[in-house]
Amino acid sequence: MSVQPKGSGQTPSAVRPTVKLTIDGVQVEVPKGTGLVEAALAAGIEIPVFCYEPRLGAPVGACRMCLCEITPGPPKPQAACTLQAADGMEVRTALTSAVAAEAQNATLEFILVNHPLDCPVCDKGGECPLQDLTFRYGPGDTRMTFPKRTFDKPIPISPLIALDRERCILCYRCTRFSEQVAEDGQLVAVNRGSQTQIATFEDEPYRAPFTGNVVELCPVGALTSTTYRFEARPWEIQDVPSVCGLCPVGCNVNVTTREGKVKRILSRNHPEVDQGWLCDKGRFAYRHLNAEDRLRDPLLRVRRRGFEEISWERALDEAEQLLRAAHGRVVTALSGSETVEQAYALAKLLRRGLDSHTAVLPEEISDALDSLRLPLSAIADADAIALLGDAPVVERAPIVELWIKQAKRNGARVVTSIGELGEAANAILVWCGPDGDGGARVAALAESTGARGAFYLPETANTRGVCDAWAAAADAEAANPDPIALLIVSGDEAAANPAVRALAEQAERVLVISMFHGLAGGWADLVLPGTSYLERDGTYVNLEGRVQRLRRTVIPPAPDELVWISRLAERFGVEVSPYPSAVFEEVSAIAFGGILLGAVGELAELPPATDDKGSGQTPSGSDPEPSGLQLIRYRPLFSGPAVERTPELQFQRPLAEVELSRHDATDRRIRNGDEVTVRSNGTSVTLRARISEDLRAGIVRIADEHAGDLQPSVELAT
Amino acid sequence: MATELVLADARDRDLTKLAEYEEVAGYTALAKARGMEPQAVIDEVVASELRGRGGAFFPAGRKWAFIPKPDQNPNPHYLVVNADESEPGSFKDNEIMATVPHRFIEGCLITAHAVEARQVFVYIRGEYTGPYEVLVAALEELKGRDDLLSGVTIVLHRGAGAYICGEETALLESLEGKRGQPRTKPPFPAVEGLYRSPTVVNNVETMATVPQIIRVGAAEYAKLGVPDSRGTRVVSISGHVQRPGNYEIENGTSVRSLIYDLGGGITGDRALKAVIPGGSSTVILRYDEIDVGYDFNSLLALKTAMGSAGVVVLDDRCCMVQLGIRISEFYEHESCGKCTPCREGTRWMTQILRRLEAGDAEQHELDLLLDVCDRINGKCLCPLGETAAIAVASYVDKFRGEFQQHVDEGACPFGDSSPLHNVLAPVAMHTHSPVATVPA
């Protein structure tokens, strides 16, 4: 059920008119336009549903589970889910109406005549709406004496999802999600009547960024994830509320654990952030926790023999020695995936304890954005959206793409340059791509166009939080040490960053904090095992500027970074608490207005937009006119250390494609699927063409892993 | 009795030709209507008491009046003609389109004027290749006759073999290129129809009647027929009669007269057992219920309807359980699969009926059949499943003894001698086994 949170993205509008109706004799007053299912909920009454799901668009009234007696109306039971509350309406559910009770009982009998009784081995068993509603409204026995309808099963519709057509009750939630939310159009119903089946279009694998949501939407065990199948029973699992740490959206999640292992990740609907949707990376990449090359013990470089596993006590001694020997000539490369607390602890140790202020930070986010701050859900209500920066939104912050699609369905105009924005009362700018100056450019553009809000999509999950934490620890200028005595590489994004790798060449010593052997080996003198976002307590600040709470869902195989940083800091006379709540309190006093960790809550609120407008300066940077086409290389959604360590996600990795605009395709007579050669001086790659309607003329996009050594200016030839 | 309006002059002339049609004052009603305000045309049709000929019998003029005026809804208006005639027993629209295509088109153009639509979509049953060719030729002849078309475009769209696409909202979905499944109502098509715009959906015969109403005037037209069922009706008579075919009758003519006068009586001079009055979805009439007027009120008194005017005559050798299977199989096969009671219920009905026919059913299963029908009826998203349940339940209701006999004797008393094969064609069940094979 969608429950509007307080302070949702809506502009405070005039108070909505209300209507009064009675449901089972209970009088309720609800805002006009409220659906009967929600109106009944307001009266504390359940109208049972299977197909109804307001996030999927207009109700379809297919399953007939919600039949109620409703006056005024025709003299037969009505599908309550398709109706809105109206003044004077009288609704009688199964509680008070024999007609409604009979209708709901009939619906369940019909659903069950062909539903297999394999509940004991069904993953949904125990958390199944069909079981629950049968218990409450259904027949106690069966009158079906014929063989049940059978289909081949289970069918893998992708490496991630298995389809059991016998269990399917044809509520069409999955196909509606595919068609009307993700708009990938890949899940369809085929055949007719009792032979109707869910299928992928042309039986191709369901390959799209958001496929896993259909598993969660399925009200029975028809769509199950291959990673969770037969892994647990619902009564042996625990769900831990946390936040996804794989992109700057920060989707709210429930992490299902069993016996100390993560078994699956479910959405935890934050109506302003994610609306209960997750991308497949956020849902499935937890498998990286148990990767084969996961580091469990600290490693010390031993000449010729490579690495030697050492104890944590020894590791701290070695780290202390490295730090002391560097005499302050330390550079720290941060990932942007550290928690606020870890980043602050590290900063405090280095900046206060060693007077080492030099850091390679994830891109610093401009304060100018704070006066344009809106919840992501505000995108859905925009009249016009300018998508700037030219990089694909779905690859960097996938849920933002869903909000934009929703806005389009609501009638918003979406343009790809500020010039096309024109007059719009309620415009929102989104910057995704290079040269954004940490959001300063998009903020300035918003000021100059009068846009209502602006979003800047950073590359990593906690870019904002890490920068805030680093800044909060001290107030001193960085001096660029030359030579670098010690390079500290914090986390896997930093370790995978070519610029950081280049710095390592100049550094005398390198200390790496990493989860995986593959990223640490070869260049580090000391390796300290890292932890995952699923193993930490602490906070992340998402792209909106919302401070959200991470919870430790499972015990990591190595101590949390905060714990050993705290102990190392002690050796330098710097006091750092090993407890995230205490560290947060310290940072918060400086950076987050003094809120306490406990106040962040499970559905974090967005701080209000600040009043002080930016300098109002018109953005610098007229785009340089490249001679040919401008190449945007991007890091694809399905890439990175976590994805690489999740075998089931490999089929989602980007195709060898070059994306180009309709205009450029027409100019060059290139059609979708054509093989084209992309050239820049001296180098070329051959890729399949994909024409994108959301791309500016003059821009082509290629995923990093397919772009080879291409330079920013390219030409295309068939 | 044989008062012909819709099929008038088609016996003596080839009215598929524009010139011939114009010789019998064709398209003069269009000129007359265009000389009237759209609202005046609607008023005229309201006054004629014309009701929709597709099956639901909804007053046509009132339906048109529901269309919001352009100042209330700026979207374009559409006229969609339901030519997806697929009801077992009905084949009247086929003949109308094949023999009087221009009268049908004239009706479309008048209606388009009345509801201020510039686009007309004719959704024609895919299997109707003959009428389709005729309409294509007729529209070809109209090219260049802008005096008649006046800028209105008429698009023929062929269905792909789904009975459900005769349900108006499923038809609209299909026309939009989507899976043909009914929409939940409200909103009704008049408010949100094709492409979410105001849309009138009318039957072929309704359209072909409109020119005659405009030509003779509502008052004159309404003199024909009986209260609540004015004018004429093209009736498809089939089954065990001497002269099956389409006949245009004045509403109110007795069912007996349809069978014995127009149809020429039962073949082989056998006795009448039952008659399905309005296509497969209507409640059956027993041999002793045929002294009833073929009109809305008279048939309503017997809890049945004219439906889509498919009169199916059954002689005394017919097995009602076999008839039930035939009908139930059809609806099971044609159920779209969207709503639960229809999708699951029609399949279950067929299973029980087959067991009854085989003589394997126990007493409680006869009651179960009625209970399943009852649990479908009134619970579905659209009328498809409901009419299946109503029709089959009526066979049990009116021939309970025969159903009981199947249980008591453990066998069908008629067996293979029941001559249903030449009454309603059996459903050629498709075999579906499109198992997805996806590389893991």
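From first to last, the protein sequence lines stand for chains H and L. Numbered per our numbering, the first sequence spans residues 1339 to 2056. Numbered per our numbering, the second sequence spans residues 236 to 675. Glycine included, each C-beta is placed from N, C-alpha and C at the ideal position. Computed from a predicted structure; not experimentally measured.
| Query | Result |
| --- | --- |
| L:C553 at chain H interface by Cβ criterion, 7 Å | no |
| Interface positions of the segment 1523 to 1534 of chain H facing chain L (Cβ-Cβ less than 8 Å), listed along the chain | V1526, A1527, V1528, N1529, R1530, G1531, S1532, Q1533 and T1534 |
| contact_flag[the segment 2030 to 2047 of chain H, the segment 301 to 319 of chain L] where n(CB pairs < 8 Å) is 3 or more | no |
| Whole runs of the alpha helix (DSSP H) within the segment 329 to 406 of chain L, excluding any shorter than 4 residues | 336 to 350, 364 to 377 and 381 to 384 |
| Cutoff 7 Å; reference L:D381; Cβ partners in own chain excluding five residues on either side | none |
| Cα-Cα separation, H:A1812 to H:A1837 | 25 Å |
| H:G1644 - DSSP class collapsed to helix/strand/coil | strand |
| Meets three-Cβ-pair contact criterion under 8 Å: the segment 1633 to 1646 of chain H and the segment 1672 to 1679 of chain H | no |
| 7 Å Cβ shell around H:T1595 - same chain, five flanking residues per side excluded | I1575, Q1576, V1578, K1601, T1891 and V1892 |
| L:P422 beta carbon less than 7 Å from that of L:P676 | The shown model of chain L, from 236 to 675, leaves out residue 676 of chain L, and the question about it has no answer. |
| Between the CA atoms of H:V1921 and H:K1686 - distance to the nearest angstrom | 11 Å |
| L:H641: contacting residues in chain H (beta-carbon distance under 8 Å) | Those within 8 Å of L:H641 in chain H number zero; the least Cβ separation is about 17 Å. |
| Reference L:C574, options H:R2028, H:R1402 and H:D1362, closest by Cα | H:R1402 |
| Inter-stretch contact (C-beta, 8 Å, three-pair minimum) for the segment 1936 to 1944 of chain H and the segment 1692 to 1708 of chain H | no |
| Neighbourhood of H:G1954 by C-beta distance below 7 Å, restricted to the same chain and skipping five residues each side | Since pLDDT at H:G1954 reaches only 49, below the 50 mark, its modelled position is unreliable, and no value is offered. |
| Where L:I494 sits in the DSSP three-state scheme | helix |
| Contact check, H:A1789 vs H:A1765, beta carbons under 7 Å | yes |
| At least 3 beta-carbon pairs within less than 8 Å: the segment 1398 to 1412 of chain H vs the segment 1434 to 1443 of chain H | yes |
| The segment 273 to 281 of chain L in contact with the segment 346 to 353 of chain L per 3-pair CB rule at 8 Å | yes |
| Cβ pair L:A628, L:C608 closer than 7 Å | yes |
| Residue range of the unbroken beta strand (DSSP E) whose run includes L:H312 | H312 to A318 |
| Per-residue burial, L:F301 [other beta carbons within 10 Å of its own, 16 or more giving buried] | exposed |
| Cα-Cα separation between H:A1623 and H:M1853, rounded to whole angstroms | 14 Å |
| Euclidean distance between Cα positions of H:G1760 and H:Y1794 | 21 Å |
| Pairwise C-alpha distance: H:E1882 and H:A1763 | 21 Å |
| DSSP three-state assignment for L:K298, whether helix, strand or coil | helix |
| Validate contact between the segment 1419 to 1434 of chain H and the segment 1356 to 1372 of chain H using beta carbons, cut 8 Å, 3 pairs | yes |
| Contact between the segment 397 to 407 of chain L and the segment 562 to 571 of chain L (3+ Cβ pairs under 8 Å) | yes |
| Cα-Cα separation between L:R561 and L:L659, rounded to whole angstroms | 8 Å |
| Alpha-carbon spacing of H:L1627 relative to H:V1611, whole angstroms | 25 Å |
| Cβ pair count under 8 Å reaching 3, the segment 333 to 343 of chain L against the segment 439 to 447 of chain L | yes |
| Reduced DSSP secondary structure (H/G/I, E/B, other) of H:Y1917 | coil |
| 7 Å Cβ cutoff met for H:L1589 and H:E1702 | Note on identity: in this sequence residue 1589 of chain H is Cys, with Leu being the wrong assignment. Cβ distance not < 7 Å, so H:C1589 and H:E1702 don't count as in contact. |
| Residue burial classification, L:S385 (beta-carbon count within 10 angstroms, cutoff 16) | exposed |
| Residue(s) in a DSSP beta bridge with H:T1595 | H:Q1576 and H:V1600 |
| Counted within 10 angstroms of its Cβ, other Cβ atoms place L:D550 as buried (16 or more) or exposed | buried |
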